[in-house]
Amino acid sequence: MLNYDEFKELVIEKLKDYFPEPYRDYEMAVHPVFRTNEVKDGITLQRSGQTISPTIYIQDMYQAYRSGNDLNDVLKHYADFYVEKSQQMDINMDFLNNLPSDQIYMSLINTAENQELLKNCPHRQFQDLSVVYRVFIGQNETEIMSARIDEGLAEKYKVTEPELYELAYKNTERLFPSVVRPLNDMLREIMESQDVPDEIIDSTLEDNLLYIVTNNKQISGASAILYEENLHNLAELYGEDLYVIPSSVHEMLVLPADSDMLPDEIANIVQEVNQMAVQPEERLSNQVYRYDSRERKMSIVSHSPEQLRDQKKEQPVKGRTR
Numbered sequence: 001m002l003n004y005d006e007f008k009e010l011v012i013e014k015l016k017d018y019f020p021e022p023y024r025d026y027e028m029a030v031h032p033v034f035r036t037n038e039v040k041d042g043i044t045l046q047r048s049g050q051t052i053s054p055t056i057y058i059q060d061m062y063q064a065y066r067s068g069n070d071l072n073d074v075l076k077h078y079a080d081f082y083v084e085k086s087q088q089m090d091i092n093m094d095f096l097n098n099l100p101s102d103q104i105y106m107s108l109i110n111t112a113e114n115q116e117l118l119k120n121c122p123h124r125q126f127q128d129l130s131v132v133y134r135v136f137i138g139q140n141e142t143e144i145m146s147a148r149i150d151e152g153l154a155e156k157y158k159v160t161e162p163e164l165y166e167l168a169y170k171n172t173e174r175l176f177p178s179v180v181r182p183l184n185d186m187l188r189e190i191m192e193s194q195d196v197p198d199e200i201i202d203s204t205l206e207d208n209l210l211y212i213v214t215n216n217k218q219i220s221g222a223s224a225i226l227y228e229e230n231l232h233n234l235a236e237l238y239g240e241d242l243y244v245i246p247s248s249v250h251e252m253l254v255l256p257a258d259s260d261m262l263p264d265e266i267a268n269i270v271q272e273v274n275q276m277a278v279q280p281e282e283r284l285s286n287q288v289y290r291y292d293s294r295e296r297k298m299s300i301v302s303h304s305p306e307q308l309r310d311q312k313k314e315q316p317v318k319g320r321t322r
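Numbering (the UniProt record's numbering), first residue to last: 1 to 322.
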């Protein structure tokens, strides 16, 4: 089996052979792409004068190959996938030259995991997270098409970070309205759509106080907590402070702060779920936050695994007494 570097070299050399004729004359570029929480080797094919095109990632192709798929099948699949995506792209390119002030929205990413990306993006800090800005381009049934605003695009727009935040704060709720609802209601809908019998649903969904905070698309919906009234209304419903749990970049979970579990215990569960069930590019944080209903502010109340390890190291060793 090829290692990654060998596979990458072969893909660069052979991939064009699997494209239909027009694409073989396009210029192929391989470049690092800073995605949320990760950097991938991206491949694009562009004809003369083309300014935007789909990207496919060599790491994704390599994972398919390592999973036992035939190399030729992998290359053919990703070539076909690229062609399909490029044919679906009917994008108004005006956003590259003119500030689309009504199409700018915001999303949340983890600050520590995206240091390189953030070096080239206007952003602002929010707890251990960063608010970044995107231009909404279009959507289909399954995905939102958007472009991250980097320093180059912000300079072209002649717009500052505070101006971006003001625009995004106005637009995000309009483009992708917040959704705050009991988690069980959402799970029930999913199970009903899969024709799960009612008696199984009722026995599976235990009573719990968890609410989900997201948007109507459930894409980049964690930013809904930036609208403080979403948390304030839940705090009034519960009659107390809240624990806010980062489920993923797409949603937050909320429960009353009088939970039997301590913040660090919840954080341990979050970390385990992130490692086992959340895709790397969708992970938001391992921390737990508390929303103070009186101050109407949110703060981190859990400790990172590193902090907990340091605390254990600092604890004195108790000797035996005679």
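A virtual CB, placed ideally from N, CA and C, is assigned to each residue, including glycine. These numbers come from a predicted model, not from an experiment.
How would you call Glu13, buried or exposed, if buried means at least 16 neighbouring beta carbons within 10 angstroms? Around the beta carbon of Glu13, a 10 Å sphere encloses fewer than 16 other beta carbons of the protein chains shown; the residue is thus reported as exposed.
Residue from Val159, Lys158, Val132 with nearest C-alpha to Ala147: Per the Cα distances, Val132.
Taking C-alpha atoms, which residue in Glu272, Ile212, Gly221, Phe81 lies nearest to Tyr243? Answer by Cα proximity: Ile212.
Over what stretch of residues does the beta strand (DSSP E) that includes Ile149 continue unbroken? Looking at the DSSP string, Ile149 is not in any beta strand (DSSP E), and its letter there is neither H nor E.
By a C-beta neighbour count over all protein chains shown, 10 Å radius and 16 as the cutoff for buried, is Ala29 buried or exposed? Residue burial annotation: Ala29 is exposed, with fewer than 16 other C-beta atoms found within 10 angstroms of its C-beta.
Between the CA atoms of Thr44 and Asn274 - distance to the nearest angstrom: As the crow flies, the alpha-carbon of Asn274 is around 30 Å from that of Thr44.
Take Val74 as the anchor and find which of Tyr57, Gln218, Gln139 has the nearest alpha-carbon. When Tyr57, Gln218, Gln139 are compared, the shortest CA-CA separation from Val74 is found for Tyr57.
Whose C-alpha, out of Gln63, Val83, Ile52, Asn3, is nearest the C-alpha of Arg24? Taking each of Gln63, Val83, Ile52, Asn3 in turn and checking the Cα distance to Arg24, the smallest one comes out for Val83.
Since Tyr105 contacts Phe176 with CB under 8 Å, what's their CB separation in whole angstroms? Rounded, the Cβ-Cβ distance is 7 Å, consistent with contact.
With a threshold of 8 Å, are at least 3 pairs of Cβ atoms found where one atom belongs to the stretch 188-196 and the other to the stretch 161-169? Because the criterion of three Cβ pairs below 8 Å is not met, the stretch 188-196 and the stretch 161-169 do not touch.
To the nearest whole angstrom, what separates the beta carbons of Asn120 and Glu155, a pair I think is in contact under 8 Å? That belief does not hold up - the Cβ atoms of Asn120 and Glu155 are roughly 11 Å apart, past 8 Å.
Which residues DSSP lists as bridging Thr55, in chain order: For Thr55, which the question treats as bridged, DSSP gives no partner whatsoever.
CB Tyr62 to CB Phe19, shorter than 7 Å? The Cβ-Cβ distance between Tyr62 and Phe19 does not fall below 7 Å.
In this structure, how does DSSP classify Tyr18 when only helix, strand and coil are distinguished? Correct three-state label for Tyr18: helix.
Let me know the secondary structure DSSP gives Gln127 once reduced to three states. Coil.
Would you mind stating whether Ser130 and Ile109 have Cβ atoms separated by less than 7 Å? Yes, Cβ-Cβ distance for Ser130 and Ile109 is below 7 Å.
Starting from Lys40, trace the beta strand (DSSP E) in both directions and tell me its first and last residue. Counting along the chain, Lys40 sits inside the beta strand (DSSP E) bounded by residues 38-46.
Going by DSSP in three states, Ala267 sits in which element: helix, strand or coil? It is helical.
Rounded to whole angstroms, how far is the Cβ of Ala222 from the Cβ of Val249, which I believe are closer than 8 Å? The pair is a contact, with the Cβ atoms about 5 Å apart (cut-off 8 Å).
Own chain, CB closer than 7 Å to Tyr65, minus 5 neighbours either side, in chain order: Taking C-beta separations shorter than 7 Å and ignoring five residues to either side along the sequence, the partners of Tyr65 in its chain run Phe7, Leu71, Val74, following chain order.
Just mark Thr204 as buried or exposed, buried being the case when its beta carbon has 16 or more other beta carbons within 10 Å. That one is exposed.
Does the distance from the C-beta atom of Leu253 to that of Ile266 stay below 7 Å? No, they are not a contact pair.
Going by C-alpha distance, which of Asn215, Asp185, Leu210 is nearest Asp202? Selected option, being the one with the closest Cα: Asp185.
Option nearest Gln115 by Cα separation, candidates Ala168, Arg35, Ser299: For Gln115, the closest C-alpha among the options Ala168, Arg35, Ser299 is that of Arg35.
When burial is assigned at 16 or more other CB atoms within 10 Å of the CB, is Ser299 buried or exposed? With fewer than 16 neighbouring CB atoms inside 10 Å of its own CB, Ser299 falls in the exposed class.
Since Arg174 is in the alpha helix (DSSP H), which residue starts that stretch and which ends it? Residues 161-175.
Following the continuous beta strand (DSSP E) through Arg290, name the residue where it begins and the one where it ends. Here the beta strand (DSSP E) through Arg290 covers 289-292.
Quick check: Gln87 and Phe136, are their CB atoms within less than 7 Å of each other? Against a cut-off of 7 Å, the Cβ pair of Phe136 and Gln87 comes out as no contact.
Please classify His31: is it buried, with 16 or more other beta-carbons within 10 angstroms of its beta-carbon, or exposed? Exposed: under 16 other Cβ atoms inside 10 Å.
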